[in-house]
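Peer 1:
Residue numbers (the working numbering), protein chains in the order written: chain A, 1 to 281; chain B, 1 to 66.
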C-alpha cells in the first residue's frame, strides 16, 4: 500500500474517540443485553418505559405498517406482549442509536445519507439472518452500527474526511481504499476503537471490524453480505453508487445463493422504506 | 404496426441501459461466481422477473465486475 498522505496519529485518534459522548446508559445496557441469555426483561422494560422520549419513538416504530399493528399499540407492555421483548428491544435500540448520534459532523458528511445506508444494511442483515436462522434482531442492530467509524472520522477529522471523499470520487475507488490512502486507517478500524471504548459486545464488534474484509467469522460474513446487498439494491446509496469488493468465500460460507436471495430482494426494499420512515422521519 | 416496433425498440434500449447500469454498479465487486450470481440476480429483479434464470447461479450478466 502506498504511504498515506495525511496519516492520523493513533494516540490522538484514541483520545478524540474517548472524548466523544457515549450513548445513553439505557441504550448501552440494551446493547450489552443482546448477548445475554438470562435477561431481566421486567427491569429493562421498566427502564425503557421511564424514558419518555425513547418510549414515544419506539411506539411510533411499533405502530408503523411494517409491523402490521397500525394504531393498535399504545403502551410498552402491549408492544412487548404483541411483538415480544427481543423485537421491542431492537426498536428501542434503533431509536436510541439514531437519536444518540445527533452531533454535527463536517467534511461534507451527510447524516441523512449515512443513516439511510445504515438502515439499508440493518434491514439486509436482518433478512439474511432470518434466512440463516441466526439472531435477526442482533443483526439489525449490528447493521445500524456497522459504519459508525465513518461518522467518527467526519466528526473528529472533518478536513481529512473531505480529502477522503475527494480522493474516492477522483479515483472511483471504494471508501476503504481512499481512507487508507489518505489517513492510513479505515472506518472499520475507527469503528472498532469506538465500539471498544464503549464496551460493546464482541459480536457487534466483529461485524463492525470485518464487514469489508470478513475472515471466517459468522457475524462479519453476515454484515459483509448485508453491506454488499444494500449497495447492489441501491438502497440509501450516494450519487456514485458502487457495490464494494465482494468476498466470494464469505458468500459461500453464508450459503447465500440465488435461490435463497431471490425471494428476499423485494421484501428488503419494502422493509427498507418502512424502517426509514419510522426511524428517520 | 410501426408503433409496436417503436415500443419494442424503446424497450430494448431501456433494457440495455438497465444492464449497463447494473454492470457499472458491480464494477468493483470482483470477478468470481458470487459477484456474477448477485449481478444477474439484481438485474433480473430490476427487470421484474420474479424467479430469475439466474436462480441456480448460472445466469449470464451483461458486463462484469472489475
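Positions of the beta carbon are idealized from the N, C-alpha and C atoms, including for glycine. Source: prediction; values computed, not measured.
For residue 223 of chain A and chain B, any beta-carbon pair shorter than 7 Å?
Peer 2: By one-based count along the first chain, residue 223 of chain A stands at place 223. Not an interface residue.
Peer 1: Would residue 48 of chain B pass as an interface residue toward chain A - the criterion being a Cβ-Cβ separation below 7 Å?
Peer 2: Position 48 of the second chain, counted from the first residue, corresponds to residue 48 of chain B. No, no contact with chain A.
Peer 1: On the criterion of 16 or more Cβ atoms from any shown chain inside 10 Å, does residue 37 of chain A qualify as buried, or is it exposed?
Peer 2: Translated into the one-based positions of the first chain, residue 37 of chain A becomes position 37. Residue 37 of chain A is exposed by the Cβ-count criterion.
Peer 1: For residue 24 of chain B, is the classification buried or exposed, using 16 other Cβ atoms within 10 angstroms of its Cβ as the cut-off for buried?
Peer 2: As a working mapping, residue 24 of chain B is identified with position 24 in the second chain. Flag for residue 24 of chain B reads exposed.
Peer 1: Return the residue from the list A:222, A:136, A:201, A:275 that minimises the CA-CA distance to residue 210 of chain A.
Peer 2: Against the first chain, residue 210 of chain A aligns to sequence position 210. Looking at the Cα atoms, A:222 is the closest of the given residues.
Peer 1: Is it buried or exposed for residue 43 of chain A, if we count other Cβ within 10 angstroms and need 16 for buried?
Peer 2: Translated into the one-based positions of the first chain, residue 43 of chain A becomes position 43. Residue 43 of chain A is exposed by the Cβ-count criterion.
Peer 1: Cβ of residue 153 of chain A within 7 Å of Cβ of residue 175 of chain A?
Peer 2: Indexing the first chain from 1 puts residue 153 of chain A at position 153. Indexing the first chain from 1 puts residue 175 of chain A at position 175. Taking 7 Å as the Cβ cut-off, residue 153 of chain A and residue 175 of chain A do not qualify as a contacting pair.
Peer 1: Where residue 52 of chain A and residue 183 of chain A are concerned, what is the direct C-alpha to C-alpha distance, given to the nearest angstrom?
Peer 2: Translated into positions along the first chain, residue 52 of chain A becomes position 52. Translated into positions along the first chain, residue 183 of chain A becomes position 183. Straight-line Cα distance between these residues: approximately 41 Å.
Peer 1: Does any C-beta atom of chain A lie closer than 7 Å to the C-beta of residue 13 of chain B?
Peer 2: In the second chain, the residue the question calls residue 13 of chain B occupies position 13. Not closer than 7 Å to any Cβ of chain A, the Cβ of residue 13 of chain B fails to qualify, so no.
Peer 1: To the nearest whole angstrom, what separates the beta carbons of residue 225 of chain A and residue 119 of chain A, a pair I think is in contact under 8 Å?
Peer 2: Here the question's residue 225 of chain A lines up with position 225 in the first chain. Here the question's residue 119 of chain A lines up with position 119 in the first chain. Contact flag wrong, Cβ pair sits at about 17 Å.
Peer 1: Relative to the C-alpha of residue 127 of chain A, which residue among A:281, A:261, A:273, A:280 is closest?
Peer 2: Start at 1 with the first residue of the first chain, and residue 127 of chain A comes out as number 127. Nearest C-alpha to residue 127 of chain A: A:261.
Peer 1: Which chain A residues are close to residue 33 of chain B, counting only those with a beta carbon under 8 Å from its beta carbon?
Peer 2: Counting from one through the second chain, the residue named residue 33 of chain B turns up at place 33. Here the neighbours are 248.
Peer 1: In whole angstroms, what separates the C-alpha of residue 198 of chain A from that of residue 206 of chain A?
Peer 2: Counting from one through the first chain, the residue named residue 198 of chain A turns up at place 198. Counting from one through the first chain, the residue named residue 206 of chain A turns up at place 206. Whole-angstrom Cα-Cα distance: 14 Å.
Peer 1: Tell me whether residue 104 of chain A sits in a helix, a strand or coil according to DSSP, three-state version.
Peer 2: For the purposes of this step, residue 104 of chain A is taken as the residue at position 104 of the first chain. Coil, per DSSP.
Peer 1: If I follow the unbroken alpha helix (DSSP H) through residue 39 of chain B, where does it start and stop?
Peer 2: Residue numbering aside, residue 39 of chain B sits at position 39 when the second chain is read from its first letter. Residue 39 of chain B -> alpha helix (DSSP H) spans 33-46.
Peer 1: Can you name the residues of chain A whose CB is closer than 9 Å to the CB of residue 27 of chain B?
Peer 2: Your numbering for residue 27 of chain B matches position 27 in the second chain. Neighbours of residue 27 of chain B on chain A, chain order: 172, 242, 243.
Peer 1: Comparing the C-beta of residue 261 of chain A with each C-beta of chain C, is any distance below 7 Å?
Peer 2: You won't find chain C in this structure, because its protein chains are A and B.
Peer 1: So, are the CB atoms of residue 56 of chain A and residue 63 of chain A less than 7 Å apart?
Peer 2: The residue given as residue 56 of chain A occupies position 56 in the first chain. The residue given as residue 63 of chain A occupies position 63 in the first chain. The answer is no: Cβ separation not under 7 Å.
Peer 1: Where residue 133 of chain A and residue 91 of chain A are concerned, what is the direct C-alpha to C-alpha distance, given to the nearest angstrom?
Peer 2: Numbered from its first residue, the first chain carries residue 133 of chain A at position 133. Numbered from its first residue, the first chain carries residue 91 of chain A at position 91. Answer to the nearest angstrom: the Cα atoms are 20 Å apart.
Peer 1: Looking at C-alpha atoms only, which residue of A:161, A:243, A:252, A:123 is the closest neighbour of residue 272 of chain A?
Peer 2: Within the first chain, residue 272 of chain A is the residue found at index 272, counting from 1. Of the listed residues, the one whose Cα sits closest to residue 272 of chain A is A:123.
Peer 1: Anything in chain A within Cβ reach of residue 43 of chain B, meaning under 8 Å, just list it in chain order.
Peer 2: As a working mapping, residue 43 of chain B is identified with position 43 in the second chain. Result: empty, since nearest Cβ-Cβ is about 10 Å, beyond 8 Å.
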